[in-house]
Every structure is written in C-alpha cells, then in structure tokens.
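Contents: one structure, followed by commentary.
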Amino acid sequence: MSTHDMFGRFLELVTQALDEPDVCGETLAARAHLSRFHFDRVVAATAGETPAAFRRRILLERAAYRLVSSRHGVLDIAVEAGYSSHEAFTRAFARAFGSSPTAWRRRPSQPRIEAPSGVHFHPPGGLRVPPARRVSAMDLLQRIVEHHVWLIGEMVDRAARLDDAALDRPIETSIEDLDDGPSIRTQLDRLVAQLERWVASVEGRTSPHPWEIGDMSVGGLRARLATAGPEFVSLVRRLTEEGRLDETFVDATCEPPVVFSYGGMIAHVVTFAAYRRSVVALALYSAGITDLGSGDPREWVAQPH
Numbered sequence: 001m002s003t004h005d006m007f008g009r010f011l012e013l014v015t016q017a018l019d020e021p022d023v024c025g026e027t028l029a030a031r032a033h034l035s036r037f038h039f040d041r042v043v044a045a046t047a048g049e050t051p052a053a054f055r056r057r058i059l060l061e062r063a064a065y066r067l068v069s070s071r072h073g074v075l076d077i078a079v080e081a082g083y084s085s086h087e088a089f090t091r092a093f094a095r096a097f098g099s100s101p102t103a104w105r106r107r108p109s110q111p112r113i114e115a116p117s118g119v120h121f122h123p124p125g126g127l128r129v130p131p132a133r134r135v136s137a138m139d140l141l142q143r144i145v146e147h148h149v150w151l152i153g154e155m156v157d158r159a160a161r162l163d164d165a166a167l168d169r170p171i172e173t174s175i176e177d178l179d180d181g182p183s184i185r186t187q188l189d190r191l192v193a194q195l196e197r198w199v200a201s202v203e204g205r206t207s208p209h210p211w212e213i214g215d216m217s218v219g220g221l222r223a224r225l226a227t228a229g230p231e232f233v234s235l236v237r238r239l240t241e242e243g244r245l246d247e248t249f250v251d252a253t254c255e256p257p258v259v260f261s262y263g264g265m266i267a268h269v270v271t272f273a274a275y276r277r278s279v280v281a282l283a284l285y286s287a288g289i290t291d292l293g294s295g296d297p298r299e300w301v302a303q304p305h
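Residue numbering for the sequence shown follows our numbering, starting at 1 and increasing by one per position.
What follows is the structure, given as structure tokens:
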C-alpha cells in the first residue's frame with residue numbers, strides 16, 4: 001500500500017472512530033493492519049502530525065461545531081471529544097481557539113485549527129481534504145467523457161462472457177431495480193432530493209436521510225427545486241472557480257464512510273439524474289405531454305442562457 005493510500009485509509013479510520021472517544025493509536029494501527037511504529041511514521045510523514053495529535057485536533061474542531069450547533073452541555077461535548085473532565089477539555093480548547101468553550105460558544109470564530117495537512121472536520125460528520133491538484137471544469141468534463149467511453153468498453157468486454165442467446169435476449173430490467181415504487185411523482189422527488197442532500201452535505205448542514213420524504217405535491221416539488229436548484233448550480237460554480245473539484249470529503253453519514261471528490265460528486269449527480277430524467281420524460285410522453293420530448297440537452301446547451 002502506498003503512503004498516499006495509507007493516509008487515505010487513516011482518514012477513513014479516523015472518520016469511522018469519531019464517535020469512539022476512547023479509541024487509541026494502537027487500535028487505529030491494528031485496524032489498518034500495521035504496527036503502531038509503522039502506522040505513526042507513515043501518517044506523521046504525510047500529515048505533519050502524529051495520528052494521536054491529528055485525531056485530537058479533529059475532535060476539538062468537531063467540539064467547536066457542536067458548541068454552536070447544539071444545546072449539549074460543555075461537559076457532554078468534552079466527553080464526546082475524549083476528555084474525562086471539564087477542566088482538561090477547557091484547557092485544550094483554550095489552547096486551540098484562544099478562549100474557553102463557554103466564551104467561544106457566545107462569540108464563535110473560525111472553527112478550524114491550523115494544521116500542515118489542511119485536513120479539517122467537515123460538519124456534520126466528515127473530513128475535508130484539500131485537493132492534490134487544481135482541476136478545471138474542462139478537466140472534469142473530459143473525465144466524464146473518458147469515463148463514458150471506458151464504461152462502454154468494460155461493458156463490451158463483459159458481454160464477451162455471454163452466449164448469443166443471452167446477448168440477444170430482450171432486456172427486462174425495470175427501473176424498480178434502482179428505485180422502489182417508481183412513478184412520475186417519486187422520480188421527481190428523488191431528483192430534487194438528490195440536489196438537497198448534496199448541497200446540505202457539502203455545505204456542512206444536516207443532510208436529509210436518503211430518500212427522506214419531503215413535500216411531494218407539484219407545488220411542493222416546485223418550491224423545493226426553487227431553493228435546491230440554484231443552490232446546487234451556485235455550489236458547482238463556486239467549487240469550479242475555487243479550483244476545488246479534486247478536493248475530497250470523507251462522508252461519515254454513509255455506512256461505511258465514503259471518500260469522494262467534489263468533481264466525482266458532480267459526475268455522480270449528473271449520471272444518475274440523467275437516468276431518472278429520461279424515465280420522467282418518457283413517462284410524461286406516455287401520459288400525453290409531448291412538448292418536452294426526451295429531454296435531450298443538445299439544443300438547450302447551444303442556446304444562450
């Protein structure tokens with residue numbers, strides 16, 4: 001395993017153990033299947049901090065977030081951050097943020113503690129990792145196209161394992177293999193909910209549970225999209241302009257935690273939303289609403305907006 005891969009594994013382990021305040025470096029090393037010495041050496045060389053110092057800092061950053069985002073008592077937050085007493089937590093917090101937890105809660109400032117790695121806690125339960133390189137919108141578009149061609153090739157290769165009967169058999173896969181109980185209403189809800197969840201996740205807001213039911217009336221869908229749509233477009237524009245498309249995020253709200261880049265998130269949304277959009281467009285056509293056609297973006301992209 002390369003040093004880069006080892007550090008990525010370390011980030012996953014730290015994220016998984018955020019709610020285990022008593023976890024020690026020995027335990028993390030064992031979970032990584034490495035000796036404590038080798039584990040500490042690799043992480044320190046990459047992060048500029050020992051695993052223990054790195055984890056303490058992340059837990060303090062999360063504690064700062066908890067102070068301003070919850071009504072939990074300082075002692076409860078201290079215990080959650082791995083401190084056995086109010087006094088020990090107060091001393092550590094004051095060293096990191098320049099004021100006591102109680103004072104900081106009244107007048108919060110920057111919740112991040114300076115660190116050589118640039119890795120920080122990302123609310124509500126993940127880690128934000130700085131990009132290894134600057135990726136432009138054109139780079140991302142190129143990667144999406146390359147993925148499209150690569151995936152077709154992989155599908156052709158796998159088709160070679162099948163006999164002619166299997167290759168020529170009519171495809172009977174249903175949309176229910178992706179979504180339960182598909183309808184125009186539920187597919188529109190999933191399209192809007194996908195935007196809502198990703199904006200919330202990237203912005204550090206509490207993200208709705210996957211497929212949590214929002215207002216699914218047409219008026220409700222329109223109102224939700226009026227908020228989530230512009231927010232998602234603005235988010236993508238900002239990530240692109242700031243050169244953060246290659247920045248990665250460890251999302252602890254997934255089980256197990258998932259590591260993805262913001263560029264990968266955008267590609268994911270566009271790919272799976274395209275499938276659902278096509279389903280809705282065809283369903284509308286079958287229902288007699290034909291003015292939208294198949295939703296092909298060719299002409300729309302060429303028009304000024």
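Built from N, CA and C at the ideal position, the CB exists for glycine as well.
Residue pairing of Gly126 in beta bridges, as defined by DSSP: His122.
Residue pairing by DSSP places Thr248 opposite Val129 and Ser261 in a beta bridge.
Spatial neighbours of Ala115 in its own chain (CB-CB distance under 8 Å, excluding positions within 5 residues in sequence) are listed in chain order as Ala47, Gly48, Glu49, Phe54 and Arg57.
Inclusion of Phe249 and Gly126 in the CB contact set at 8 Å is warranted, their separation being smaller than that value. In the structure shown, Glu242 falls within a coil segment according to DSSP collapsed to helix, strand and coil.
With fewer than 16 other CB atoms across the displayed protein chains lying within 10 angstroms of its CB, Gly288 is exposed. Collapsing the DSSP output to three states places Pro116 in coil.
Counting along the chain, no alpha helix (DSSP H) covers Ser217, and no H or E run does either.
With fewer than 16 other Cβ atoms from the protein chains shown falling within 10 Å of its own Cβ, Gly293 counts as exposed. Put simply, of Gly8, Asp189, Val43 and His147 the residue whose alpha carbon is nearest the alpha carbon of Val280 is Asp189. Between Ala228 and Glu196, the C-beta spacing is below 8 Å. Boundaries of the alpha helix (DSSP H) harbouring Glu196: Ile184 to Glu203, taken from the DSSP string. Scanning its chain for C-beta atoms nearer than 8 Å, with the 5 sequence neighbours on each side dropped, one finds around Val270 the residues Ile144, in chain order. Here DSSP, grouped into helix, strand and coil, assigns Glu172 to coil. DSSP places Val79 inside the alpha helix (DSSP H), whose first and last residues are Val74 to Glu80. Counting only runs that start and end inside the segment 18-46, there is no beta strand (DSSP E) element of at least 3 residues. Just so you know, the alpha carbons of Asp19 and Asp168 end up roughly 51 Å apart. Between the segment 151-161 and the segment 90-97, the count of Cβ pairs shorter than 8 Å is below three; the stretches do not touch. DSSP, read as helix, strand or coil, puts Glu49 in coil.
Taking C-beta atoms as the reference points, Pro51 and Gly25 count as a pair closer than 8 Å. Gly293 carries a coil assignment under DSSP once its states are collapsed to helix, strand and coil. For Val145, the enclosing alpha helix (DSSP H) stretches over residues Ala137 to Ala159. Taking all protein chains shown into account, Val301 has fewer than 16 neighbouring C-beta atoms within 10 Å of its C-beta and is therefore exposed.
By the Cβ test, the segment 156-168 is not in contact with the segment 99-115, since fewer than three Cβ pairs between them sit closer than 8 Å. Here Ser109 carries a coil assignment [DSSP, helix/strand/coil]. Here DSSP, grouped into helix, strand and coil, assigns Tyr285 to helix. Shown here, Ser69 sits in a helix according to DSSP, grouped into three states. Between Glu247 and Val129, the C-beta spacing is below 8 Å.
The C-beta distance from Gly220 to Leu245 rounds to 32 Å, too long to meet the 8 Å contact threshold.
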